[in-house]
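**Q** A single structure is presented below for examination.
Residue numbers (my numbering): 217 to 523.
Here it is as structure tokens:
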């Protein structure tokens, strides 16, 4: 039972990671702090052979605070931003060493309030196809090292009629690379995970290119009463500046440190998880509106198709 709970909690704890690979500010073209907000294909190591997993994640993000480097500054032209985001992830264990994941993200809305007017948009963000291959695994020592490579496909083109940072999609193709390292202590119900990811986006049709991002997360998970798992994440996110027609945007890019506590409930092959995400340190280039918090709920279902 503990092993099953852990396999689900590993999925849940990475839900927030996907939001962390895009931008520091709530104005990012595809996300608040993530190429695709919470949920997505960076989620975990491997599925067992012939196992199928479906994951649905909803998140709400909000921000109103401005920063210049690591200094809070008076409000700018945007009063606040918010977003409601839905993500669907499907995964399949092709072999014991190879897992294929695919996800689609959809913004129910992305909103920016400019005091004098409020702008909103909605629609699909992007699809990501990810192949993950295990390069090291020891069940006796509870160690796993898995590497992944993915392609990002925009589900729509960049628009001329809507500001870039309100649009639900980057409108650009991209690639992502991840490394997943897990060390477990099953007898104590304790697990440690290190997850790193690099993202690159090409320029869209408006010649806007989002900066490369680097995200590193450390997770600690602890089983509680057999049916609950507490998860704590500490994450660093760094993104380089965006560029418009080859010219760097001085009000983009930077580094954020965040914490994400989560609580997961397991029942048979279904899991439900609640989480919240809070930045604890921000260093943003130029003057930027930043994320204040994110809350989310995650549903996961997994079965063995051989049974």
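Each residue gets a CB set at the ideal place from its N, CA and C atoms; glycine is no exception.
Does the beta-carbon of residue 461 have 16 or more other beta-carbons within 10 angstroms, so that it is buried, or is it exposed?
**A** As a working note, residue 461 is residue 245 in the chain shown. Classification for residue 461: exposed.
**Q** DSSP three-state call for residue 266: helix, strand or coil?
**A** As a first step, residue 266 is located in the chain shown; it is residue number 50 there, counting from the start. Coil at residue 266, not helix or strand.
**Q** Buried or exposed, going by whether 16 or more other CB atoms sit within 10 Å of the CB of residue 494?
**A** For this step, residue 494 is matched to residue 278 along the chain shown. Flag for residue 494 reads exposed.
**Q** Helix, strand or coil: how does DSSP classify residue 442 here?
**A** Within the chain shown, numbered from 1, the residue matching residue 442 stands at position 226. Coil, per DSSP.
**Q** Determine, using beta carbons only, whether residue 473 and residue 453 come nearer to each other than 9 Å.
**A** Residue mapping note: residue 473 aligns to position 257 of the chain shown, counting from 1. Residue mapping note: residue 453 aligns to position 237 of the chain shown, counting from 1. A contact, by the Cβ cut-off of 9 Å.
**Q** Can you give me the Cβ contacts of residue 283 inside the same chain, cut-off strictly under 7 Å, excluding the 5 residues immediately before and after it?
**A** The residue given as residue 283 occupies position 67 in the chain shown. 289, 498, 500, 504 and 506.
**Q** CA-CA distance, residue 386 and residue 300?
**A** In the chain shown, the residue the question calls residue 386 occupies position 170. In the chain shown, the residue the question calls residue 300 occupies position 84. If I take the Cα positions, the gap works out to 17 Å.
**Q** Quick check on residue 382: does DSSP put it in helix, strand or coil?
**A** Mapped onto the chain shown, residue 382 falls at position 166. In this structure, residue 382 counts as helix in the three-state DSSP scheme.
**Q** Give the range of the beta strand (DSSP E) segment to which residue 489 is assigned.
**A** As a first step, residue 489 must be located in the chain shown, where it is residue number 273. Note, residue 489: beta strand (DSSP E), 486-506.
**Q** Among 330, 491, 517 and 392, whose alpha-carbon lies nearest the alpha-carbon of residue 477?
**A** Counted from its first residue, the chain shown places residue 477 at position 261. Comparing Cα-Cα distances from residue 477 to each of 330, 491, 517 and 392, the minimum goes to 491.
**Q** Taking all protein chains shown into account, do 16 or more other C-beta atoms lie within 10 angstroms of the C-beta of residue 411, making it buried, or fewer, making it exposed?
**A** As a position in the chain shown, residue 411 is number 195, starting the count at 1. The residue is buried, with at least 16 neighbouring Cβ atoms inside 10 Å.
**Q** Does DSSP put residue 285 in a helix, in a strand, or in coil?
**A** Locating residue 285 in the chain shown gives position 69, where the first residue counts as 1. Strand.
**Q** Could you check where the beta strand (DSSP E) with residue 317 kicks off and where it finishes?
**A** Taking the first residue of the chain shown as 1, we reach residue 317 at position 101. First-last of the beta strand (DSSP E) with residue 317: 314-329.
**Q** Just checking my contact of residue 380 with residue 424 at CB under 8 Å: how many whole Å lie between their CB atoms?
**A** The count along the chain shown starts at 1 and reaches residue 380 at position 164. The count along the chain shown starts at 1 and reaches residue 424 at position 208. About 6 Å; that satisfies the 8 Å criterion.
**Q** Identify the residues that DSSP records as bridge partners of residue 185: which are they?
**A** Outside the displayed span of the chain (217 to 523) sits residue 185, for which this structure offers no information.
**Q** Using only the alpha-carbon positions, how far apart do residue 382 and residue 516 sit?
**A** Along the chain shown, one-based indexing puts residue 382 at 166. Along the chain shown, one-based indexing puts residue 516 at 300. In a straight line, the C-alpha of residue 382 is about 29 Å away from that of residue 516.
**Q** What three-state label does DSSP hand residue 414 in the structure shown?
**A** In the chain shown, residue 414 corresponds to position 198, counting from 1. Note: residue 414 maps to strand in three-state DSSP.
**Q** Ignore the nearest five residues each way along the sequence and tell me which others in residue 344's own chain have a CB closer than 6 Å to its CB.
**A** The residue you call residue 344 lines up with position 128 of the chain shown. Result list for residue 344: 257, 319, 366 and 368, in chain order.
**Q** In angstroms with no decimal places, state the Cα-to-Cα distance between residue 389 and residue 418.
**A** Residue 389 sits at position 173 when you count from the first residue of the chain shown. Residue 418 sits at position 202 when you count from the first residue of the chain shown. Cα-Cα distance, rounded: 6 Å.
**Q** Alpha carbon to alpha carbon, how far is residue 450 from residue 433? Give it in angstroms, no decimals.
**A** Mapped onto the chain shown, residue 433 falls at position 217. Mapped onto the chain shown, residue 450 falls at position 234. Roughly 6 Å between the two C-alpha positions.
**Q** Can you check which of these residues, 512, 502, 488 and 496, is closest to residue 518 by C-alpha distance?
**A** Taking the chain shown and counting its residues from 1, the one referred to as residue 518 is at position 302. Closest by alpha carbon: 488.
**Q** Kindly indicate which three-state DSSP category residue 522 falls into: helix, strand or coil?
**A** Taking the first residue of the chain shown as position 1, residue 522 is located at position 306. The answer is coil: DSSP assigns residue 522 none of H, G, I, E or B.
**Q** In this structure, does DSSP put residue 403 in helix, strand or coil?
**A** Counted from its first residue, the chain shown places residue 403 at position 187. Helix.
**Q** Which value, in whole angstroms, describes the spacing of the CA atoms of residue 524 and residue 281?
**A** Missing from the structure shown is residue 524; the chain here goes from 217 to 523 and no further.
**Q** Assuming residue 360 is part of the beta strand (DSSP E), what are its boundary residues?
**A** For the purposes of this step, residue 360 is taken as residue 144 along the chain shown, with counting starting at 1. Per DSSP, residue 360 belongs to the beta strand (DSSP E) from 359-370.
**Q** Between the C-alpha atoms of residue 296 and residue 442, what's the straight-line distance to the nearest angstrom?
**A** On the chain shown, position 80 is the one that residue 296 refers to. On the chain shown, position 226 is the one that residue 442 refers to. Distance between the alpha carbons of residue 296 and residue 442 is about 41 Å.
**Q** So residue 348 is in the beta strand (DSSP E); what residue range does that whole segment cover?
**A** For the purposes of this step, residue 348 is taken as residue 132 along the chain shown, with counting starting at 1. Note, residue 348: beta strand (DSSP E), 334-354.
**Q** For residue 299, name the three-state secondary structure that DSSP assigns.
**A** The residue labelled residue 299 in the question sits at position 83 within the chain shown. Correct three-state label for residue 299: strand.
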